[in-house]
Amino acid sequence: NLYPKQSVRNEFLQVISDNKRGTDTLEELALQYSYGESITLDGIAEGSSNTFHFHEQYTGKDHGKEGFDAHASMPHFAAWEEFVKTDPFEKDPEVFFFKIIED
């Protein structure tokens, strides 16, 4: 989960869009790069504006870590890292890794 400051929302969305485009078109080990903004659905979920959820899926050794490491070495990811250095978040990002256990 990412929580960008309102003041950098447009820049955040541009950097993320560029990152997705680079991931989808240049990374052979990337299976999925999806993101969206939290919303409220009456009776189902209480959303929070300017809260973004990501699902990235990679293949390769060590449950996809090989693919993630390749992603982190790409120029579009470097642009993300430069953005992160500007202190753009209301609170720290929450990052989770998991392995797929379905058949």
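Numbering-wise, the sequence shown is residues 34 to 136 according to the numbering used here. Glycine is no exception: its CB is placed at the ideal position from the N, C-alpha and C atoms. Just so you know, these numbers come straight off a predicted model, no measurement behind them.
What span of residues does the beta strand (DSSP E) with Ser67 cover, start to end?
-> Ala63 to Glu70
Run the CB neighbour count on Ala63, radius 10 Å, all protein chains shown included, and call it buried at 16 or more, exposed below.
-> buried
Kindly confirm or deny that the segment 44 to 64 and the segment 97 to 115 touch, where touching means at least three C-beta pairs closer than 8 Å.
-> yes
Simplified DSSP state of Pro4, which is helix, strand or coil = The displayed coordinates of the chain run from 34 to 136. Any statement about residue 4 would go beyond what the structure contains.
Alpha carbon to alpha carbon, what distance is there between Glu79 and Lys38?
-> 20 Å
Quick one, which of Glu70, Gln90, Phe85 and Ser50 has its alpha-carbon nearest Lys132's?
-> Gln90
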